[in-house]
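Right, one structure below, let's go through it.
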Amino acid sequence: MADLPFQWDDGNFISPFVAASEADMEAFAEWLTACYLSSIVHNSSTSSRNRADQLCAVPWPYEMRLTDLGCGDATVVLSLAQHLRKDWCDLQSTTDDAPPPDHAVPLHIIVTGIDLDDALLDTAAANASVFSVTVASPSSLPVSIETHILSQDLRTIDVDVHFPRCVQGGADSFYPSTRPPYVLYMYLLPDALALLREKLVDILERGWVVASNRWPIPGLEASLQACAGHVHIYSRTAP
Numbered sequence: 004m005a006d007l008p009f010q011w012d013d014g015n016f017i018s019p020f021v022a023a024s025e026a027d028m029e030a031f032a033e034w035l036t037a038c039y040l041s042s043i044v045h046n047s048s049t050s051s052r053n054r055a056d057q058l059c060a061v062p063w064p065y066e067m068r069l070t071d072l073g074c075g076d077a078t079v080v081l082s083l084a085q086h087l088r089k090d091w092c093d094l095q096s097t098t099d100d101a102p103p104p105d106h107a108v109p110l111h112i113i114v115t116g117i118d119l120d121d122a123l124l125d126t127a128a129a130n131a132s133v134f135s136v137t138v139a140s141p142s143s144l145p146v147s148i149e150t151h152i153l154s155q156d157l158r159t160i161d162v163d164v165h166f167p168r169c170v171q172g173g174a175d176s177f178y179p180s181t182r183p184p185y186v187l188y189m190y191l192l193p194d195a196l197a198l199l200r201e202k203l204v205d206i207l208e209r210g211w212v213v214a215s216n217r218w219p220i221p222g223l224e225a226s227l228q229a230c231a232g233h234v235h236i237y238s239r240t241a242p
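Start counting at 1 in the sequence shown, then tack on 3, and there's your number in my numbering.
Rendered as structure tokens:
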């Protein structure tokens, strides 16, 4: 059997032939925006007004992680980041209680693409480089994006290193308790999803949102929160 980028070393297929659709990425971004980002902008605006006379009235920099296991040429995860960037900027200008431009709430998105195929990784790195230049202008926008392209085996990836716990502020926190989610996205075949199930459970327990395009993750029905387009979205807690 030919040595193809959607195979393990033993020749088993892990990824489908067809790329994820732009419509699915837009739908997934809309879901993340509706369930997480819109409330963050609202809470941040209210909090800023409540402490307007305090020295610490500087907008809190929020962090969001987008990780694509089996990223290929990284087109999909970069598209998702672009949609979320646009949605965050739109929230700043269209929300009734949105902050003024000089107090816009900043968001930092960390995009990580993970794959094994060297040729695809080279293309992914080139795409990420072009993307980084594109989103850097205009610099006045409240969203910054950093990209990382890594060569890792999905089965042996170090969860502690690549999937830090998503810490939410508690009731006593000075800042709002809501935070942008840490998101793991995958477009893998059912056999690969079944093979990775225990690792995915560990990632869910760390507070991440786990998304699988087209196919549901076996055994995680209780954690399924929604479907956006063809994307199945899992979380331990409802957004």
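For each residue, glycine too, the CB sits at the ideal point set by N, CA and C. Keep in mind the model is a prediction, meaning the values are calculated, not measured.
I112 is positioned such that its CB atom lies closer than 9 Å to that of R68. Short of 7 Å from the beta carbon of D156, and not among the five residues preceding or following it, lie these beta carbons of its own chain, in chain order: L119. Between R209 and L144, the C-beta gap is not smaller than 9 Å, which leaves the two residues out of contact. With respect to V114, V80 sits close: the two C-beta atoms are nearer than 9 Å.
DSSP places T240 in the coil class of the three-state scheme, outside both helix and strand. The bridge partners DSSP lists for Y39 come to none.
With contacts defined as CB atoms closer than 9 Å, V204 and L223 qualify as a contacting pair. Looking from the CA of L198, the closest CA among A214, L40, I220 belongs to I220. At a Cβ-Cβ threshold of 9 Å, D76 and A127 count as neighbours. Per DSSP, reduced to three states, the secondary structure at S154 is strand. Taking a 10 Å sphere around the C-beta of V170, we find fewer than 16 other C-beta atoms and assign the residue as exposed. The beta carbons of W211 and H235 sit no closer together than 9 Å. Here S238 is buried: its Cβ has 16 or more other Cβ atoms, across all protein chains shown, within 10 Å. Here C74 is not near I148, since their CB atoms are 9 Å or more apart. As a beta-bridge residue in DSSP terms, V146 pairs with L110. The beta carbon of V146 is closer than 7 Å to those of R88, W91, C92, L110, I112 in its chain, skipping five residues each way along the sequence. Distance check between V164 and each of T150, I206, A139 places I206 closest, using alpha-carbon atoms only. Taken atom to atom, the span from the alpha-carbon of E33 to that of V162 is near 27 Å.
Looking at the backbone, the Cα of F166 and that of P141 are separated by about 30 Å.
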